[in-house]
Amino acid sequence: MRMRMKKWARPELLACPWFVDMPAEMRGQWAARFHRKQPLYLELGCGKCVSTAQMALQNPDINFLAADMSTNVLGVARRNFVSAFGDRP
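The sequence shown begins at 1 in this note's numbering and counts up one residue at a time.
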């Protein structure tokens with residue numbers, strides 16, 4: 001199923017301090033983006049991040065990195081993370 005266009009998604013993501021617009025530039029440096037030095041889990045094709053947010057809540061000793069190709073989906077994912085954690089990364 002295709003998600004509808006979310007005009008608010010890209011501006012919201014660009015204003016988000018933990019969104020990375022050019023992920024290729026972070027190659028080899030992802031751990032530095034996190035406040036705590038701990039294992040890093042990557043979820044490719046994260047979708048709306050409902051399951052990722054739950055895993056992050058249940059595993060505070062793991063840093064989670066969620067990636068998706070669609071800014072529309074990532075906008076929804078960011079809102080799901082904010083509802084689970086507040087505005088902290």
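Glycine included, each C-beta is placed from N, C-alpha and C at the ideal position.
It should be emphasised that the depicted structure is a prediction, and the values quoted were computed from it without experimental measurement.
In the DSSP assignment, N59 falls outside any alpha helix (DSSP H) and carries neither an H nor an E. In this structure, A84 sits away from A77, with a CB-CB distance that is not shorter than 8 Å. Under the three-state reduction of DSSP output, F64 falls in the strand class. A distance below 6 Å between beta-carbons, with the five flanking residues on each side excluded, links P39 to the following residues of its chain, in chain order: I62. Sequence-distant partners of R36 (beyond 5 residues in either direction) whose C-beta falls short of 8 Å from its own C-beta, in its chain, are N63.
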